[in-house]
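When you number the sequence shown by my numbering, it's gap-free, plus one each residue, and the end is 666. All C-beta atoms in this analysis are idealised placements derived from N, C-alpha and C, irrespective of residue type, glycine included. Single-structure report; data block below.
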Amino acid sequence: MRSHLLNDTTAEQYRRSVTEGIERVAAKLAATDRPFTGVTVDALAPTIDAIDLDKPLFDTAAVLDELEDVYLRDAIYFHHPRYLAHLNCPVVIPAVLGEAILSAINSSLDTWDQSAGGTLIERKIVDWTTARIGLGENADGVFTSGGTQSNLQALLLAREEAKTDSFAKLRIFASEVSHFSVKKSAKLLGLGQDAVVSIPVDHDKRMQTVALAHELERCRKDGLVPMAVVATAGTTDFGSIDPLPEIAELCDQFDTWMHVDAAYGCGLLASVKYRGRIDGIERADSVTVDYHKSFFQPVSSSAVLVRDASTLRHATYHAEYLNPRRMVSERIPNQVDKSLQTTRRFDALKLWMTLRVMGADGIGQLFDEVCDLAVEGWRLLAADPRYDVVVEPSLSTLVFRYIPAAVTDPAEIDRANLYARKALFASGDAVVAGTKVQGRHYLKFTLLNPETTTEDIAAVLDLIAGHAEQYLGESLDRAS
Ligand SMILES: Cc1ncc(COP(=O)(O)O)c(C=O)c1O
Numbered sequence: 187m188r189s190h191l192l193n194d195t196t197a198e199q200y201r202r203s204v205t206e207g208i209e210r211v212a213a214k215l216a217a218t219d220r221p222f223t224g225v226t227v228d229a230l231a232p233t234i235d236a237i238d239l240d241k242p243l244f245d246t247a248a249v250l251d252e253l254e255d256v257y258l259r260d261a262i263y264f265h266h267p268r269y270l271a272h273l274n275c276p277v278v279i280p281a282v283l284g285e286a287i288l289s290a291i292n293s294s295l296d297t298w299d300q301s302a303g304g305t306l307i308e309r310k311i312v313d314w315t316t317a318r319i320g321l322g323e324n325a326d327g328v329f330t331s332g333g334t335q336s337n338l339q340a341l342l343l344a345r346e347e348a349k350t351d352s353f354a355k356l357r358i359f360a361s362e363v364s365h366f367s368v369k370k371s372a373k374l375l376g377l378g379q380d381a382v383v384s385i386p387v388d389h390d391k392r393m394q395t396v397a398l399a400h401e402l403e404r405c406r407k408d409g410l411v412p413m414a415v416v417a418t419a420g421t422t423d424f425g426s427i428d429p430l431p432e433i434a435e436l437c438d439q440f441d442t443w444m445h446v447d448a449a450y451g452c453g454l455l456a457s458v459k460y461r462g463r464i465d466g467i468e469r470a471d472s473v474t475v476d477y478h479k480s481f482f483q484p485v486s487s488s489a490v491l492v493r494d495a496s497t498l499r500h501a502t503y504h505a506e507y508l509n510p511r512r513m514v515s516e517r518i519p520n521q522v523d524k525s526l527q528t529t530r531r532f533d534a535l536k537l538w539m540t541l542r543v544m545g546a547d548g549i550g551q552l553f554d555e556v557c558d559l560a561v562e563g564w565r566l567l568a569a570d571p572r573y574d575v576v577v578e579p580s581l582s583t584l585v586f587r588y589i590p591a592a593v594t595d596p597a598e599i600d601r602a603n604l605y606a607r608k609a610l611f612a613s614g615d616a617v618v619a620g621t622k623v624q625g626r627h628y629l630k631f632t633l634l635n636p637e638t639t640t641e642d643i644a645a646v647l648d649l650i651a652g653h654a655e656q657y658l659g660e661s662l663d664r665a666s
């Protein structure tokens, strides 16, 4: 069994084994003609259930053959141009190479003595990102598992910085279309049930700053403490960007922590054309960035960044076995001092490889292309009488609803849209997402693939219309 341990004596086997896996994946990617096979849970589950994990195959090729049946054949392929659903991007090859390297070397980014250069590389990527944001000389940050954890850590720091004698008095302000992780964080941080104050959005799904000012004022009058305002730079559904400069002004006025959730919109940090859309982000106290959403990086790749490095001390705990206090005076750079995690992946290597091979402009151009594609898609939808489209895109999502000419009952239209999404998924021809707008069911394209064309968008809209019409036809038959 020692022959399976990766070490000096098995380097050749490592090369053969990993190459075999890469060959399969490469062949798979080249041959994939749909984003999904449409397999159902009931059809797939027995194949996986039938595998006896206590009966190994002892042969890599045989396991890869089996993997075809249990995973590869029916996986969801984000690289396919008709995968248009969630905030999952196709990935760039330098980052995938980074992923292969980091798992083989297996550095752990908690301490210097488990990572060495890895720690310095992560620090350099963090500095590169804070400089792009414009957070100033004292900025710092750390990689996290994703936007949810980045938001949690940012709000933990905000809670610790808030001047209060009771958590029950703390309030967080976020728009009604902010990410649900804000509410989840409030719960995890032991804040009260009413801790998150929902601020209405305008027609473009951007936080209404007049309403925010009003709520901040009311908070003070009620003897409560505004702990943080969460501005979203790229909402999950609409890609809308809250008015960051106005929000920054209000945060100054009310002496409140400003957190910018740029999990999605962070791609604009590398943008060649649209960086100006997130102006004001440089005034944040903390920022969430998800490179695995708009920097074309494999999951996971995310960071939380802060204006004032000293605030990260709220996540510090010194353990004698790992990062004793004396290491601080010895100037040993232990990233665990800044993180909620202990053992931690070297995700920064993926972005490092990407920046070194492609350059930031290369990434930015790809993101600009999907933003441009979204505008084209919006034009198609706006001109198409079969569809209602919600807002003009600020990033790369489109939220729309099929509106059949002959049907006026909104509940029946809901059912037709829900059916169309499911039927499309089952067909495997394309994958789209869904959401609710003012209580009604809508469909959503999240465009993150520069290989997707306007022709793809038009074709998927036709497929959706076909499925919705089929539902409505059958529904008429049922009624008659
Ligand atoms: C705006 C926003 N913030 C945070 C998150 C959570 O990120 P993650 O899924 O990486 O935890 C998302 C996920 O879609 C998001 O859209």
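Tell me whether residue i, by its Cβ, gets closer than 7 Å to a heavy atom of ligand 1.
i              : result
alanine 449    : yes
histidine 190  : no
lysine 203     : In the sequence on display, residue 203 carries serine and not lysine. Because no heavy atom of ligand 1 lies under 7 Å away, the Cβ of serine 203 does not count as near it: no.
leucine 430    : no
asparagine 337 : yes
aspartate 523  : no
glycine 620    : no
threonine 418  : yes
histidine 445  : no
histidine 365  : yes
glycine 668    : There is simply no residue 668 to check, as the chain begins at 187 and stops at 666 in what is shown.
aspartate 533  : no
serine 361     : no
glycine 332    : yes
aspartate 390  : no
serine 487     : no
threonine 422  : yes
aspartate 476  : yes
Going by the CB atoms, is the gap between residue j and residue i shorter than 8 Å?
i              : j              : result
valine 458     : glutamine 551  : yes
leucine 295    : glutamine 521  : yes
isoleucine 287 : valine 256     : no
cysteine 557   : leucine 584    : no
arginine 572   : isoleucine 599 : no
proline 431    : glycine 462    : no
threonine 638  : leucine 559    : yes
arginine 469   : alanine 434    : yes
tyrosine 489   : valine 312     : The identity of residue 489 in the sequence shown is alanine, whereas the question assumes tyrosine. Yes. Within cutoff.
leucine 526    : glutamine 335  : yes
histidine 272  : alanine 619    : yes
tyrosine 450   : glycine 425    : yes
leucine 306    : leucine 342    : no
glutamate 347  : threonine 497  : yes
valine 492     : alanine 325    : yes
valine 473     : alanine 448    : yes
arginine 404   : isoleucine 427 : no
valine 543     : proline 280    : yes
arginine 486   : arginine 531   : Checking the displayed sequence, the identity of residue 486 turns out to be serine instead of arginine. Yes, these two residues count as a Cβ contact at 8 Å.
Can you pull the DSSP bridge partners for residue i?
i              : result
tryptophan 443 : Ala414
leucine 356    : Val411
methionine 393 : Val387
alanine 419    : Ile427
valine 490     : Val328, Thr474
serine 367     : According to DSSP, which records beta bridges pairwise, serine 367 is partnered with nothing at all.
arginine 573   : Correcting the residue type first, residue 573 is tyrosine in the shown sequence and not arginine. The partner list for tyrosine 573 (beta bridge, DSSP) reads Tyr588.
valine 543     : Answer is none; valine 543 lacks a bridge partner.
serine 361     : Ile385
Tell me which same chain residues have a C-beta within less than 8 Å of the C-beta of residue i, skipping the five on either side of it?
i                 : result
phenylalanine 436 : The identity of residue 436 in the sequence shown is leucine, whereas the question assumes phenylalanine. The answer, listed in chain order, is Thr395, Leu398, Ala399, Leu402, Val415, Thr442.
Consider the C-beta atom of residue i and the heavy atoms of ligand 2; say whether any pair is separated by less than 7 Å.
i           : result
leucine 273 : Among the ligands in the structure shown, ligand 2 does not appear; only ligand 1 can be found there.
Within its chain, find whatever has a CB closer than 7 Å to the CB of residue i; leave out the 5 residues flanking it on each side and keep chain order.
i            : result
valine 382   : Ile358, Ala360, Val368, Lys369, Ala372
serine 613   : Gly224
arginine 511 : His504
leucine 649  : Leu610, Asp615, Ala616
proline 386  : Glu362, Gln394, Ala397
serine 293   : Gln300, Ser301, Gly304, Phe532
To which residues of the same chain is residue i closer than 6 Å at the C-beta, ignoring the five residues directly before and after it?
i             : result
arginine 210  : Leu250
alanine 354   : Gly378
cysteine 275  : Phe482, Leu634
valine 446    : Ala417, Ala419, Ile467, Ala470, Val473
aspartate 642 : Pro267, Arg268
alanine 546   : Ala456
Segments assigned alpha helix (DSSP H), at least 4 residues, entirely inside the region 497-541: 512-515
In chain order, which beta strand (DSSP E) runs of at least 3 residues are fully inside the region 422-488? 443-448, 472-476
Unbroken stretches of the alpha helix (DSSP H), 4 residues or longer, contained in the region 252-339: 279-291, 303-319
Output the residue ranges of the beta strand (DSSP E) runs that lie fully inside the region 575-652 and measure 3 residues or longer, sorted by chain position. 583-588, 617-623, 626-632
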